[in-house]
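For the sequence shown, the positions run -22 to -1, 1 to 235 when mature numbering (1 follows the signal peptide of the UniProt record, and there is no 0) is used.
See structure below.
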Amino acid sequence: MFATKSLLAVLSLCLAFLGVAASPATSSLERRARAQVFSRCTKPNTVALTFDDGPYIYMNDIVNALDAAGAKGTFFFNGNNYDCIYNTNAVNRVKYAYSHGHQVASHTWAHKDLTTLTWDQIHDEMWRVEQALVRITGAYPAFMRPPYGNYNNLVLDASGIRGQSVIIWDFDSQDSLGASPQTSKNLYDGVIGRHPSTILTLNHETIGSFALHQVLPYAIQKLKAAGYQLVTLAECLGMPAYQSVVAPGTRDSNWHC
């Protein structure tokens, strides 16, 4: 098994380079408990609209739609999935979401099923995207969503060591499963009709028909009409969004996939 002290040394050196040496993710690693898993919000009357798999070409339009409605979203970013997070356009998209007050979080580096990986590989998938988000925004994420929602005790232990909570969902728009826009609308109608105290949604930034033109505006309007507050994941859980926030980095030769 990957030695915890070795992990501490690697993280401390890497994050010190980024100006995050005091981050909780690098302190007292040996005392970290297994990560807590959240699949629902805890603050009544809130909805967390979350978007996976970006940054991608629909990013800014999603942000603009949320802003126009007075809503906030949470974006679980990959490092190298639909696009390389260090590409200039991707960097600008991440910055756009963050600067507009939306939450950024980890969806790991390359969208691999973490339950199929070794301890070292799991940490590499986590660390690389965390490093990118600190470089681009200065924010060290407090939340990680495992690709496909798949996790095991090894993943939870790794997340716990890194100071992060694991996030799943209690509502899936099924956009990534090939659902038509009308089917996704019907699913939103169904959950709103049941009117649970909170809703933690799963949507995908990379599905253009959902993100821009049909389902998202419909969902926002329906959720607000039902009296829900559309907030970030951190707000719906009553927890900090980031473990630390420092000044963003400056692009150099290390910004590549």
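Glycine residues also receive a C-beta, built at the ideal position from the N, C-alpha and C atoms.
Worksheet item: From this set, Leu111, Val133, Leu155, Leu201, which residue's C-alpha is nearest Arg172's C-alpha?
Response: Position 194 of the sequence shown holds residue 172. For Arg172, the closest of Leu111, Val133, Leu155, Leu201 by C-alpha to C-alpha distance is Leu201.
Worksheet item: When the Cα of residue 278 is compared with those of Asp150, Val144, Arg229, Asp102, which residue comes out closest?
Response: Nothing in the structure corresponds to residue 278, since the chain is present only between -22 and 235.
Worksheet item: Within 10 angstroms of its Cβ, does Thr228 collect 16 or more other Cβ (buried), or is it exposed?
Response: If you number the sequence shown from 1, residue 228 lands on position 250. Answer is exposed; the Cβ neighbour count stays below 16.
Item to complete: Return the chain-ordered list of same chain residues with a C-beta closer than 7 Å to the C-beta of Asp45, the five sequence neighbours on each side being excluded.
Response: Working through the sequence shown from its first residue, we reach residue 45 at position 67. Correct list, in chain order: His78.
Worksheet item: Using the rule of at least 16 other Cβ atoms within 10 Å of the residue's Cβ for burial, across every protein chain shown, is Gln221 buried or exposed?
Response: Translated into the one-based positions of the sequence shown, residue 221 becomes position 243. Flag for Gln221 reads buried.
Practice prompt. Note down the Cα distance separating Cys19 from Arg71, rounded to an integer number of angstroms.
Written response: The residue you call residue 19 lines up with position 41 of the sequence shown. The residue you call residue 71 lines up with position 93 of the sequence shown. The C-alpha of Arg71 is placed about 26 Å away from the C-alpha of Cys19.
Worksheet item: Quick one: any contact between the stretch 203 to 212 and the stretch 45 to 59, if contact means 3 or more CB pairs under 8 Å?
Response: Touching, yes.
Practice prompt. From the DSSP output, read off the bridge partner residues of Val223.
Written response: Indexing the sequence shown from 1 puts residue 223 at position 245. Note: Val223 sits in a beta bridge opposite Ala117.
Worksheet item: Thinking C-alpha only, which one of Cys214, Gln14, Ala219 is nearest Lys21?
Response: Taking the sequence shown and counting its residues from 1, the one referred to as residue 21 is at position 43. Ranking Cys214, Gln14, Ala219 by Cα distance to Lys21 puts Cys214 first.
Practice prompt. Compute the Euclidean distance between the alpha carbons of Asp153 and Pro159, then round it to the nearest angstrom.
Written response: One-based indexing of the sequence shown puts residue 153 at position 175. One-based indexing of the sequence shown puts residue 159 at position 181. Separation of Asp153 and Pro159 (C-alpha to C-alpha, rounded to the nearest whole angstrom) is 8 Å.
Discussion item. Spatial neighbours of Thr161 within its chain, please: C-beta separation below 8 Å, excluding the five flanking residues on both sides.
Written reply: Taking the sequence shown and counting its residues from 1, one reaches residue 161 at position 183. Gln152, listed in sequence order.
Fill in: Other residues of its chain near Pro2: CB distance less than 8 Å, five sequence neighbours each side excluded
Stepping through the sequence shown from its first residue, residue 2 is reached at position 24. Bear in mind that a pLDDT of 43 at Pro2, under 50, signals an unreliable position, so the number given afterwards is only what the model happens to contain. Once the five neighbours on either side are set aside, the close Cβ partners of Pro2 are Gly141, Gln221, Ser222.
Fill in: Contact check, Ala26 vs Thr179, beta carbons under 8 Å
Numbered from 1 along the sequence shown, position 48 holds the residue referred to as residue 26. Numbered from 1 along the sequence shown, position 201 holds the residue referred to as residue 179. At a Cβ-Cβ threshold of 8 Å, Ala26 and Thr179 count as neighbours.
Worksheet item: Do Val144 and Pro124 have their CB atoms nearer than 8 Å?
Response: Walking along the sequence shown from the start, residue 144 turns up at place 166. Walking along the sequence shown from the start, residue 124 turns up at place 146. Yes, the Cβ-Cβ distance between Val144 and Pro124 is below 8 Å.
Worksheet item: Is the beta carbon of Pro119 less than 8 Å from the beta carbon of Ala83?
Response: Locating residue 119 in the sequence shown gives position 141, where the first residue counts as 1. Locating residue 83 in the sequence shown gives position 105, where the first residue counts as 1. Against a cut-off of 8 Å, the Cβ pair of Ala83 and Pro119 comes out as a contact.
Discussion item. Quick test of your reading: His182 and Asp30, contact by CB under 8 Å. State the CB separation rounded to the nearest angstrom.
Written reply: The residue you call residue 182 lines up with position 204 of the sequence shown. The residue you call residue 30 lines up with position 52 of the sequence shown. With a contact defined as Cβ atoms closer than 8 Å, His182 and Asp30 qualify at about 5 Å.
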